[in-house]
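Structure first, then comments.
In our numbering, the protein residues as written are 7 to 168.
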């Protein structure tokens, strides 16, 4: 018996402007807020070249996501694309797990960076406990915001743009 792997989601649950705002928020939060500061520290005077190289690499990734999402529209995201590529086989599960772990690592990195930057505003934290507490609080806050759904998040983004 073949499993039904089609995704079911509410049509127009994300608007174009909402999608752009969500994507921009992620890029600013991860790409600019956290990663740029770390990259600037590591590359020093070569920072502009490193930033340009990152932009080129990301453009290939963005183009690939656009093409595959047009070919296989789905609310399942990367997991559904892996299923389209590999079918019901071990590589699908293996690559999905790798993607999951990379997202956990990225979120942890961003949360720790948030905690570290926040503590710099207050003179630092010698023990490092507050950095971890603030990072964990950010992850919990993001979790609860995501539970509220796309429409609520889009509305919040619209307010922040005004």
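From the three backbone atoms N, C-alpha and C, an ideal C-beta is built for every residue, glycine too.
- Item | Reference residue 110, options 89, 56, 45, 142, closest by Cα | Residue 110 has its Cα closest to that of 142, out of 89, 56, 45, 142.
- Message: Can you look up residue 43 in the DSSP assignment and give me helix, strand or coil?
- Response: In this structure, residue 43 counts as helix in the three-state DSSP scheme.
- Same chain, Cβ closer than 7 Å to residue 3, neighbours up to 5 away in sequence not counted: The structure shown does not extend to residue 3, since the chain spans only 7 to 168, so no value can be given for it.
- Query: Starting from residue 135 and walking both ways along the alpha helix (DSSP H), at which residues does that stretch end?
  - Reply: Where residue 135 is concerned, the enclosing alpha helix (DSSP H) stretches over 135-153.
- Taking contact to mean at least 3 C-beta pairs separated by less than 8 Å, is the stretch 144-155 in contact with the stretch 110-120? The stretch 144-155 is in contact with the stretch 110-120.
- Helix or strand or just coil, what does DSSP make of residue 124? Helix.
- Beta-carbon proximity check, residue 136 vs residue 121, cutoff 8 Å: The answer is yes: Cβ separation under 8 Å.
- Message: Using only CA atoms, which one of 104, 124, 96, 75 lies nearest to residue 138?
- Response: Nearest C-alpha to residue 138: 124.
- Query: What's the gap between the Cα of residue 132 and the Cα of residue 103?
  - Reply: Residue 132 and residue 103 have their alpha carbons spaced roughly 35 Å apart.
- Item | Inter-residue spacing [alpha-carbon to alpha-carbon] between residue 55 and residue 62 | Spanning the alpha carbons of residue 55 and residue 62 requires a straight line of approximately 11 Å.
- Task: Pull up the CB-CB distance for residue 86 and residue 78, whole angstroms please, since I reckon it's below 8 Å.
- Result: That pair is a contact at about 7 Å.
- Start and end of the alpha helix (DSSP H) containing residue 51? Careful: residue 51 lies outside any alpha helix (DSSP H) and carries neither H nor E.
- Query: Buried or exposed: residue 58, going by 16 or more other Cβ atoms within 10 Å of its Cβ?
  - Reply: Residue 58 is exposed by the Cβ-count criterion.
- Task: Let me know the secondary structure DSSP gives residue 95 once reduced to three states.
- Result: It is coil, neither helix nor strand.
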